[in-house]
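Participant: Provided herewith is a single structure, encoded as structure tokens, for subsequent inquiry.
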Amino acid sequence: SALTAPAIYDAVIAYMARALPAFGIEDPRSGDYSHQHRKNAAVFTAWSYVYRNRAGAPELYQLGEKLIDLEDAFRKWRFAHLATVSRVIGANAGTGGSTGLRYLQAAANQLFEHPMYPELWDVRSEMFSRPQEFDLTAAGYASQ
């Protein structure tokens, strides 16, 4: 099923593992896809390199930007859907017995708390913070 199949980001990480072997990224295609992507320090470090050296890996930089565009479009759709549901059914139960508006609000907020491409968002935070302010462990990356 689609829930246990590789996601777009799994293919991107596999490509990065081949394109940037010096970062030690493990190819995720042999993994278990039934779980949400977990932050990976090697992937974060590789994205940080790509964003700081755009001319050295322009295709990866553009790919990263397209992933951010995709997530941004999904967030906008989710919030537009939330607004539409609010207008149509108010605070009533949703279809299929969901809690309706509360469920959709939680789902929309989850995209900010747990983004689809966490390393790409963290690179933005890291690039615009002072070096001593961005802590990989505090950002949710396991020490390796």
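Numbers in the working numbering are just positions in the sequence shown, counted from 1, shifted up by 119.
Positions of the beta carbon are idealized from the N, C-alpha and C atoms, including for glycine.
1. Is there at least one Cβ from chain B nearer than 7 Å to alanine 124's Cβ?
2. Assuming the contact rule is C-beta atoms closer than 8 Å, valine 162 and glutamate 238 should be a hit. Round their C-beta distance to whole Å, please.
3. Counting pairs of Cβ atoms below 8 Å between the region 134–143 and the region 196–212, do you hit three or more?
4. Can you look up tyrosine 168 in the DSSP assignment and give me helix, strand or coil?
5. Should alanine 174 and isoleucine 144 be called a contact, given that it needs their Cβ atoms to be closer than 7 Å?
6. If I measure Cβ to Cβ from proline 147 and keep anything under 7 Å in the same chain, skipping five residues before and after, which residues do I get?
7. Between the beta-carbon of tyrosine 170 and the beta-carbon of valine 242, is there less than 7 Å?
8. Return the CA-CA distance between alanine 258 and histidine 233, expressed in angstroms with no decimal places.
9. Using C-beta distances below 8 Å, list every residue in its chain close to glycine 213, excluding the 5 sequence neighbours before and after it, in chain order.
10. Please state the DSSP three-state secondary structure of histidine 233.
11. Taking all protein chains shown into account, do 16 or more other C-beta atoms lie within 10 angstroms of the C-beta of glycine 183, making it buried, or fewer, making it exposed?
12. Using a 10 Å radius around the Cβ and a threshold of 16 neighbouring Cβ atoms, would you call asparagine 159 buried or exposed?
13. For tyrosine 260, I'd like the list of residues in its chain whose CB is within less than 7 Å of its CB, leaving aside the five on either flank, ordered along the chain.
14. From the DSSP output, in three-state form, read off valine 125 for me.
Facilitator: The structure says:
1. This model lacks chain B altogether; it includes just one protein chain.
2. 5 Å between Cβ atoms; contact.
3. The region 134–143 is not in contact with the region 196–212.
4. Helix at tyrosine 168.
5. Result no, Cβ atoms of alanine 174 and isoleucine 144 do not sit closer than 7 Å.
6. Non-local beta-carbon contacts of proline 147 in its own chain, meaning distances under 7 Å to residues more than five positions away in sequence, involve Asp129, Ile132 and Ala133 in chain order.
7. Yes. Within cutoff.
8. The C-alpha of alanine 258 lies about 12 Å from the C-alpha of histidine 233.
9. Closer than 8 Å at the Cβ level, and outside the excluded window around glycine 213, lie Val204, Gly219, Leu220, Tyr222 and Leu223.
10. Reduced to three states, the DSSP call for histidine 233 is coil.
11. Looking at its Cβ environment, which holds 16 or more other Cβ atoms inside 10 Å, glycine 183 is buried.
12. By the Cβ neighbour-count rule, asparagine 159 is buried, with 16 or more other Cβ atoms within 10 Å of its own.
13. These residues qualify, in order along the chain: Lys158, Ala160 and Phe163.
14. Residue 125 is actually proline in this sequence, not valine. Looking at proline 125 - three-state DSSP - the assignment turns out to be coil, as it is neither helix nor strand.
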